[in-house]
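Colleague:
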Amino acid sequence: MSDTAITTGRAPSVYMPSAEALATVLAPAERPTRPSALSASLTFGWRALLKIKHVPEQLFDVTAFPIIMVLMFTYLFGGALADSPRAYLQFFLPGIMVTSVVMITMYTGVGLNSDIEKGVFDRIRTLPVWRPAALVGMIFGDVLRYVLAAVVILTVGVVLGFRPDGGLFGVLAGIGLLVVFSFAFSWVWTFFGLVLRSEKSVMGTSMMVLFPLTFLSNVFVDPSTMPGWLQAFVKVNPITQLVTSVRAAMAGSMDGPSTMWMLLWSALFVVVFGTLTMYRYNRR
Amino acid sequence: MSNRNTGLAVEAEGLVRSFGSTRALDGLDLRVPAGTVYGVLGPNGAGKTTAVRVLATLLRPDGGTARVFGHDVVRDADAVRSRVSLTGQYASLDEDLTGAENLVLLGRLLGLGRVAARDRAEQLLAAFGLTEAAGRQVKKYSGGMRRRIDIAASILNTPDLLFLDEPTTGLDPRSRNQVWAIVRAVVAYGTTVLLTTQYLDEADQLAGRIAVVDHGRVIAEGTPGELKASIGAGSVHIRLRDPEQRPQAEQVLRASLGVPVQLAADPAALTARVGEHGTDLEAGTQAARALGELAAAGIVVDDFSLGQPSLDEVFLALTDHPAVPADERDDELEAAR
């Protein structure tokens with residue numbers, strides 16, 4: 001591909017639309033049948049992959065950011081909260097994995113907001129396809145980023161000495177639970193992405209929600225050291241339920257109540273915020 | 001299902017849409033015959049884009065009804081979407097993707113198989129002179145190429161109605177001519193085109209009928225010929241050698257032409273409408289006579305032209321105010337004092 005071939009509107013030579021060439025593309029053809037909901041969603045997912053291919057820098061937040069999070073907190077808190085960073089890591093790794101991935105979910109809203117700003121969404125919204133497909137496809141692409149972030153964190157963890165008792169199967173189950181929750185949680189951000197005016201306000205709002213949600217949980221410390229009122233919040237926080245269930249899975253067991261709560265929260269996010277999102281999407 | 005070439009492509013009655021306290025559409029009526037190019041002419045902020053967005057199912061009207069090929073744009077939005085395409089004012093493609101990828105993506109979403117979508121994309125790229133740019137990201141395209149790929153994407157499914165929102169704004173003359181040629185070809189193959197523009201000559205060149213829009217409503221409608229007949233065939237623009245002589249020149253022109261004379265921002269320039277009642281011949285004769293009288297009065301004319309009325313002049317004729325958005329107009333009046 002030569003990059004110099006076309007740099008101005010004039011090259012190559014001068015384009016003048018020819019009637020014959022246009023005739024071949026303008027002749028009315030048979031209308032293809034409308035794609036299924038799944039096929040349309042997967043096509044939008046393919047768009048997300050193409051974007052990663054063309055703008056690989058966007059993977060920075062799912063690679064470098066999680067690595068920094070793991071290193072920073074392991075060595076910052078490790079000595080104080082456990083006997084050593086390595087001992088702390090056994091407790092901490094599933095939690096920081098949840099924190100990092102849940103934080104990355106906000107980019108779904110940011111990406112959607114910038115799409116709308118650029119006008120691509122106008123074209124997408126005038127297509128006769130299953131309405132949620134564009135958003136579902138977008139989140140499919142994001143799920144891939146979540147998996148990548150989880151794998152990166154796990155790798156760093158194992159290098160630093162994290163040894164999950166659940167083995168490969170337990171780890172996969174933990175990542176699976178995390179991905180299910182993150183897929184559901186992304187719908188919160190699609191709603192904010194549609195409602196708020198700019199990328200910056202989407203970022204700001206998501207940070208305001210995500211910081212308390214991830215820190216006021218059982219990710220970093222055991223909640224039994226917290227005052228009663230805070231324990232009450234930590235207990236109902238969906239992140240706590242998620243961390244408990246992921247920890248259990250990676251340790252080779254299963255925490256029934258937490259897993260159930262976490263799945264209920266996920267269903268709630270999809271139903272409530274999925275519905276709100278589609279309402280706004282159709283009415284903008 | 002109504003035929004794509006007969007009847008009305010668009011029927012809008014009393015469309016209203018507000019954004020906060022601004023009424024972008026204020027009882028807009030529109031009837032677009034199928035199989036033609038229909039021009040919606042107006043200044044920025046007149047409500048053109050809002051009208052297009054309502055008709056393309058992107059915005060819901062607060063009041064009024066609109067039907068596209070008989071389908072209601074709110075209740076039957078899906079049926080409308082399967083028959084229309086929109087090329088917005090801003091890039092309506094994914095700028096991070098290449099031209100070819102964008103077209104394949106849209107082809108897939110419209111239901112084409114993998115191979116068919118690729119073939120269609122190649123065909124379109126070739127027809128629009130973009131084969132060599134197929135593998136480049138759209139954000140690296142020039143303005144004219146971007147317009148072309150946008151329009152190519154819009155005719156991917158050979159729509160029955162194509163909305164083009166200010167398709168040539170910001171383009172150089174060459175690219176503008178390319179877009180015009182494409183519009184003519186598109187309509188020749190039976191697609192109805194609804195085009196918004198700020199340029200009278202563009203509407204005149206392309207459109208079979210024109211609606212002039214101001215403050216969210218249609219203030220005049222007709223064929224270009226009818227519109228021009230109602231506002232005067234054209235304007236005479238005169239530039240004097242000596243700006244000091246302008247007051248005198250204004251008097252001479254007013255007396256000779258019998259119409260108000262506008263003083264341009266340029267201190268040596270004047271503009272007046274000619275041919276109020278129709279034919280170009282009369283306009284030319286009027287202008288020639290006026291020039292003779294200026295010369296007789298000892299006023300030296302450096303530059304002279306007889307042209308179509310500008311959008312500003314159309315608006316002056318139709319509304320007694322120039323074609324600027326309401327909020328800017330007050331500022332201009334302030335500045336003029």
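In order, the protein sequences belong to chains A and B.
Each residue of the first sequence is one higher than the one before, counting from 1 in UniProt numbering.
Each residue of the second sequence is one higher than the one before, counting from 1 in UniProt numbering.
Using N, Cα and C, we set each Cβ at its ideal position, and we do this for glycine too.
Keep in mind it's a predicted model, so treat the numbers as computed, not measured.
For B:THR98 and A:ASP122, I'd like the C-alpha separation in whole angstroms.
Modeller: In the second sequence, the residue the question calls residue 98 of chain B occupies position 98. In the first sequence, the residue the question calls residue 122 of chain A occupies position 122. Each residue's Cα considered, the two are about 19 Å apart.
Colleague: CB-CB under 7 Å to A:ALA150, same chain, minus the five flanking residues each way: which ones, in chain order?
Modeller: Taking the first sequence and counting its residues from 1, the one referred to as residue 150 of chain A is at position 150. Same-chain partners within the cutoff: MET97, VAL101, ILE175, LEU178.
Colleague: Short of 6 Å in beta carbon distance, which residues of its chain neighbour B:THR279, apart from the five on each side in sequence? Order them along the chain.
Modeller: Counting from 1 along the second sequence, the entry for residue 279 of chain B is found at position 279. With a pLDDT of 48 at B:THR279, under the threshold of 50, the modelled position of this residue cannot be trusted; read the value that follows with caution. There are no such residues.
Colleague: Hey, could you find the ends of the alpha helix (DSSP H) B:HIS215 is sitting in?
Modeller: Along the second sequence, read from residue 1 onward, the residue named residue 215 of chain B stands at position 215. Where B:HIS215 is concerned, there is no enclosing alpha helix (DSSP H), given that its DSSP letter is neither H nor E.
Colleague: Can you look up A:LEU196 in the DSSP assignment and give me helix, strand or coil?
Modeller: Mapped onto the first sequence, residue 196 of chain A falls at position 196. Reduced to three states, the DSSP call for A:LEU196 is coil.
Colleague: Can you pull the DSSP bridge partners for B:ALA66?
Modeller: Sequence index remark: in the second sequence, residue 66 of chain B carries index 66 (1-based). Partner(s): B:ALA12.
Colleague: Is there a Cβ from chain A that is less than 8 Å from the Cβ of B:THR279?
Modeller: Locating residue 279 of chain B in the second sequence gives position 279, counting from the first residue. Confidence is the limiting factor: at B:THR279 the pLDDT is only 48, short of 50, which leaves the residue's position unreliable, though a coordinate-based value still follows. Answer no: the Cβ-Cβ gap between B:THR279 and chain A never drops below 8 Å.
Colleague: Mind listing which residues of the segment 116-134 of chain A have their C-beta closer than 7 Å to chain B's C-betas, in chain order?
Modeller: Those would be LYS118, GLY119, VAL120, ASP122, ARG123, ARG125, THR126, LEU127, PRO128, VAL129, in chain order.
Colleague: Using a Cβ-Cβ cutoff of less than 6 Å, which residues in the same chain neighbour A:SER258 once the five nearest sequence positions on both sides are dropped?
Modeller: In the first sequence, the residue the question calls residue 258 of chain A occupies position 258. Cβ neighbours of A:SER258 beyond the five flanking positions: GLN241, THR244, SER245.
Colleague: Which residues of chain B have a Cβ atom closer than 9 Å to the Cβ of A:LEU49, listed in chain order?
Modeller: Within the first sequence, the letter at position 49 stands for residue 49 of chain A. Result: empty, since nearest Cβ-Cβ is about 11 Å, beyond 9 Å.
Colleague: Would B:VAL16 pass as an interface residue toward chain A - the criterion being a Cβ-Cβ separation below 8 Å?
Modeller: Within the second sequence, numbered from 1, the residue matching residue 16 of chain B stands at position 16. Cβ-Cβ to chain A under 8 Å: no for B:VAL16.
Colleague: Nearest-angstrom Cα distance between A:LYS118 and A:TYR281?
Modeller: In the first sequence, counting from the first residue as 1, residue 118 of chain A sits at position 118. In the first sequence, counting from the first residue as 1, residue 281 of chain A sits at position 281. C-alpha separation (whole angstroms): 16 Å.
Colleague: Need the endpoints of the alpha helix (DSSP H) that A:ALA27 sits in, please.
Modeller: The residue labelled residue 27 of chain A in the question sits at position 27 within the first sequence. Careful: A:ALA27 lies outside any alpha helix (DSSP H) and carries neither H nor E.
Colleague: Mark A:ILE68 as exposed unless 16 or more other C-beta atoms lie within 10 angstroms of its C-beta, in which case mark it buried.
Modeller: The sequence position of residue 68 of chain A within the first sequence is 68, counting from 1. Answer is exposed; the Cβ neighbour count stays below 16.
Colleague: Which residues in chain A have a C-beta closer than 7 Å to the C-beta of residue 338 of chain B? List them in chain order.
Modeller: No statement about residue 338 of chain B is possible, as the shown extent of chain B runs from 1 to 337 and does not include it.
Colleague: Locate the beta strand (DSSP E) running through B:GLN137, then write down its first and last residues.
Modeller: In the second sequence, counting from the first residue as 1, residue 137 of chain B sits at position 137. From DSSP, B:GLN137 is part of no beta strand (DSSP E); its letter is neither H nor E.
Colleague: Below 9 Å between beta carbons is the criterion; list the residues of the segment 191-222 of chain B that meet it against any residue of chain A, in chain order.
Modeller: The residues in question are THR191.
Colleague: Can you name, in chain order, every residue of its own chain whose Cβ lies under 6 Å from the Cβ of B:ARG254, other than the five neighbours on each side?
Modeller: Start at 1 with the first residue of the second sequence, and residue 254 of chain B comes out as number 254. Closer than 6 Å at the Cβ level, and outside the excluded window around B:ARG254, lie VAL261.
Colleague: What are the uninterrupted segments assigned as beta strand (DSSP E) that are 3 or more residues long and contained completely in the segment 194-257 of chain B, given in chain order?
Modeller: Qualifying beta strand (DSSP E) stretches, in chain order: 209-214, 217-222, 234-240.
Colleague: Among B:LEU105, B:VAL179, B:ARG289, which residue has its Cα nearest to the Cα of A:GLY137?
Modeller: If you number the first sequence from 1, residue 137 of chain A lands on position 137. Nearest option by C-alpha distance: B:LEU105.
Colleague: How far does the alpha helix (DSSP H) with B:ASP78 in it reach, from first residue to last?
Modeller: Here residue 78 of chain B refers to the residue found at position 78 when the second sequence is read from its first residue. 77-81 is the span of the alpha helix (DSSP H), which, as asked, contains B:ASP78.
Colleague: Could you tell me which chain B residues have their CB closer than 7 Å to the CB of A:ARG34, listed as they occur along the chain?
Modeller: Walking along the first sequence from the start, residue 34 of chain A turns up at place 34. Per Cβ cutoff of 7 Å: GLY111.
Colleague: Beta-carbon within less than 7 Å of A:ALA64's beta-carbon, same chain only, minus the 5 sequence neighbours each way: which residues are those?
Modeller: Walking along the first sequence from the start, residue 64 of chain A turns up at place 64. No residues qualify anywhere along the chain.
Colleague: Since B:THR271 and B:ALA265 should fall inside the 8 Å C-beta cutoff, what is the C-beta to C-beta distance between them, to a whole number of angstroms?
Modeller: Residue 271 of chain B sits at position 271 when you count from the first residue of the second sequence. Residue 265 of chain B sits at position 265 when you count from the first residue of the second sequence. Wrong, their Cβ atoms sit about 11 Å apart, outside the cutoff.
Colleague: Any idea what DSSP makes of B:THR279, helix, strand or coil?
Modeller: Stepping through the second sequence from its first residue, residue 279 of chain B is reached at position 279. Note that B:THR279 scores 48 on pLDDT, short of 50, meaning its location in the model is unreliable and no value can be drawn from it.
Colleague: If you drop the 5 nearest sequence neighbours on each side, which residues of the same chain put their C-beta closer than 7 Å to that of B:PRO50?
Modeller: Along the second sequence, read from residue 1 onward, the residue named residue 50 of chain B stands at position 50. For clarity, residue 50 of chain B is Thr in the given sequence; the question names Pro instead. Cβ neighbours of B:THR50 beyond the five flanking positions: ARG17, ALA24, LEU25, LEU59.
Colleague: Is the segment 153-164 of chain B close to the segment 70-87 of chain B, with three or more CB pairs under 8 Å?
Modeller: Flag = yes, the segment 153-164 of chain B and the segment 70-87 of chain B touch.
Colleague: A:TRP229: buried (16+ other C-beta within 10 angstroms of its C-beta) or exposed?
Modeller: Walking along the first sequence from the start, residue 229 of chain A turns up at place 229. Exposed, since its Cβ has fewer than 16 Cβ neighbours within 10 Å.
Colleague: If you draw a straight line from the C-alpha of A:PHE269 to the C-alpha of A:THR275, how long is it?
Modeller: Here residue 269 of chain A is taken as the residue at index 269 of the first sequence, counted from 1. Here residue 275 of chain A is taken as the residue at index 275 of the first sequence, counted from 1. Answer to the nearest angstrom: the Cα atoms are 9 Å apart.
Colleague: Looking only at its own chain, which residues have a Cβ that is under 7 Å from the Cβ of A:VAL195, when we skip the five neighbours before and after it?
Modeller: Here residue 195 of chain A is taken as the residue at index 195 of the first sequence, counted from 1. Closer than 7 Å at Cβ, skipping near neighbours: ARG280.
Colleague: When you compare the CB of A:LEU112 with every CB in chain B, is at least one pair closer than 8 Å?
Modeller: To locate residue 112 of chain A, count along the first sequence from 1; it is residue 112. No, A:LEU112 lies away from the interface with chain B (no Cβ there is under 8 Å from its Cβ).
Colleague: Any heavy atom of the ligand ATP closer than 7 Å to the Cβ of A:VAL179?
Modeller: The ligand content of the structure shown is nil, which means the ligand ATP is not present either.
Colleague: Would you please verify whether the beta carbon of A:ALA40 is less than 8 Å from any beta carbon of chain B?
Modeller: Here residue 40 of chain A refers to the residue found at position 40 when the first sequence is read from its first residue. True, the Cβ-Cβ gap to chain B drops below 8 Å.
Colleague: Using a 10 Å radius around the Cβ and a threshold of 16 neighbouring Cβ atoms, would you call A:THR8 buried or exposed?
Modeller: Along the first sequence, one-based indexing puts residue 8 of chain A at 8. Note that A:THR8 has pLDDT 48, beneath the 50 cutoff, so the model's placement of it is unreliable and the number below is only indicative. Counting Cβ neighbours within 10 Å, A:THR8 comes out exposed, since fewer than 16 surround it.
Colleague: Note down, in chain order, every chain A residue with its Cβ under 7 Å from the Cβ of B:GLN178.
Modeller: Sequence index remark: in the second sequence, residue 178 of chain B carries index 178 (1-based). TYR15, MET16, PRO17, listed in chain order.
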